[in-house]
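Q: The structure follows.
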Amino acid sequence: MLHFADARKLARKACRWAAYGLAGLVLTQFALRLWIRNRPRPIPYGWGWLLENPWRRRYRDPQQLAEACGLLPDDQVLEGGCGSGLFTEALAERCAYLTALDIDARYLAQTAARTATLSNLSLLRADLAALPCEAESLDAVVLISVLTETPAPVAALRECLRVLRAGGRIIVGEEFFAPEYVGPRNMDGWAQAAGLRRVGAQGNGWAYLHTYVAR
1 MLHFADARKL
11 ARKACRWAAY
21 GLAGLVLTQF
31 ALRLWIRNRP
41 RPIPYGWGWL
51 LENPWRRRYR
61 DPQQLAEACG
71 LLPDDQVLEG
81 GCGSGLFTEA
91 LAERCAYLTA
101 LDIDARYLAQ
111 TAARTATLSN
121 LSLLRADLAA
131 LPCEAESLDA
141 VVLISVLTET
151 PAPVAALREC
161 LRVLRAGGRI
171 IVGEEFFAPE
181 YVGPRNMDGW
191 AQAAGLRRVG
201 AQGNGWAYLH
211 TYVAR
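Each residue of the sequence shown is one higher than the one before, counting from 1 in full-length UniProt numbering.
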């Protein structure tokens, strides 16, 4: 029979190990964020399951996010860094034509499989630093959890601005649980450096969505 004193010892031991585990998790997350921030890069294909995590959909529901982007039925839109295509279909349903790009052909193959029935969509393998689009040819650029993975985010924003028509919008979304996360204030700083100003903000520090236009 377990005595009360023994039970207390076991409880203390369990709490101690739980604290060690939590501390280890926090330190690992901190080290990972620091390492990635100094070496920004797209999420590896082998980690793609993180993009599809059911828990992520609780705060990044594709339909809700696409609605929040405020796309118009006649908009020509670019989705940069589409990854596995989690948001691609929902975005395409809300605009006239969507061009989705990624630098990894394997992600594009995933996106192609899940959007095979769409007729207003094209997929391109390309980099945000050199968009294969004519100047002033788009109404909106959507960047969800991708800008912080680029080595030169300000330059990428300028490139996005180049392809926008007058009054076009750049819609940027980031989430705290991504190791490369950058907060709203820093994102606004990047945008200002690229010649943009914020005209809309949704969400919070954990998961936000900002809309920018040319200054």
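No residue lacks a Cβ here, since even glycine has one placed at the ideal position from N, Cα and C.
Please report the residue range of the alpha helix (DSSP H) in which D188 lies.
A: Per DSSP, D188 belongs to the alpha helix (DSSP H) from 184-193.
Q: What are the complete beta strand (DSSP E) segments, minimum 3 residues, inside the stretch 51-89?
A: Complete beta strand (DSSP E) runs here, min 3: 76-80.
Q: List, from N- to C-terminal side, the alpha helix (DSSP H) runs of 4 residues or more that fit wholly inside the stretch 88-142.
A: With a minimum length of 4 residues, the continuous alpha helix (DSSP H) runs that stay inside the stretch 88-142 are 88-92, 105-114.
Q: Going by the CB atoms, is the gap between G81 and T111 shorter than 8 Å?
A: The answer is no: Cβ separation not under 8 Å.
Q: Do three or more CB pairs link the stretch 140-153 to the stretch 171-184 at distances below 8 Å?
A: Counting Cβ pairs under 8 Å, three or more are found: they touch.
Q: Measuring only the C-alpha atoms, how far is Q29 from V182?
A: Per-residue confidence for Q29 stands at a pLDDT of 46, beneath the threshold of 50, marking its modelled position as unreliable; no derived number is given.
Q: Less than 6 Å between C-beta atoms, sequence neighbours within five positions excluded: which residues of the same chain meet that for G176?
A: It is worth fixing the name first, because residue 176 is Phe in this sequence and not Gly. Closer than 6 Å at Cβ, skipping near neighbours: W206.
Q: For T211 and P62, I'd like the C-alpha separation in whole angstroms.
A: C-alpha separation (whole angstroms): 17 Å.
Q: Check whether the stretch 149-165 touches the stretch 100-110, counting contact only when three or more Cβ pairs, one atom from each stretch, lie closer than 8 Å.
A: The answer is no - the stretch 100-110 does not touch the stretch 149-165, with fewer than three Cβ pairs under 8 Å.
Q: Any idea if G83 is buried or exposed, counting beta-carbon neighbours within 10 angstroms, 16 or more meaning buried?
A: G83 comes out buried.
Q: Taking the alpha helix (DSSP H) that A155 belongs to, which residues open and close that run?
A: First-last of the alpha helix (DSSP H) with A155: 153-162.
Q: Please work out which residues of its chain come closer than 7 Å, Cβ to Cβ, to A193, disregarding the five sequence neighbours upstream and downstream, and give them in chain order.
A: Cβ within range, chain order: V154.
Q: Identify, in the order they occur along the chain, each residue of the same chain with its Cβ nearer than 6 Å to the Cβ of C160, setting aside the five sequence neighbours on each side.
A: Closer than 6 Å at the Cβ level, and outside the excluded window around C160, lie V141, I170.
Q: Within the same chain, show all residues whose beta-carbon is closer than 8 Å to that of L65, passing over the 5 residues directly before and after it, in chain order.
A: Once the five neighbours on either side are set aside, the close Cβ partners of L65 are F87, A90, I144, G173, L209.
Q: Identify, in the order they occur along the chain, each residue of the same chain with its Cβ nearer than 6 Å to the Cβ of L121, setting aside the five sequence neighbours on each side.
A: If we look at L121 and ignore the five residues flanking it on each side, its Cβ neighbours are A92, L98, T115.
Q: Going by Cα to Cα distance, which pick from L131, R94, A96, V146 is closest to A178?
A: Of the listed residues, the one whose Cα sits closest to A178 is V146.
Q: Which first and last residues belong to the beta strand (DSSP E) in which T211 is found?
A: Start and end: 207-214.
Q: Considering Cα atoms alone, identify which of A96, E67, R57, Y59 is closest to residue 218.
A: Because the chain is modelled from 1 through 215, residue 218 falls outside the range shown and cannot be assessed.
Q: Exposed or buried, what is W49 when buried is set at 16 or more other beta-carbons lying within 10 Å of its beta-carbon?
A: With fewer than 16 other Cβ atoms within 10 Å, it is exposed.
Q: Within the continuous beta strand (DSSP E) that includes A201, where are the two ends?
A: Its beta strand (DSSP E) spans residues 196-203.
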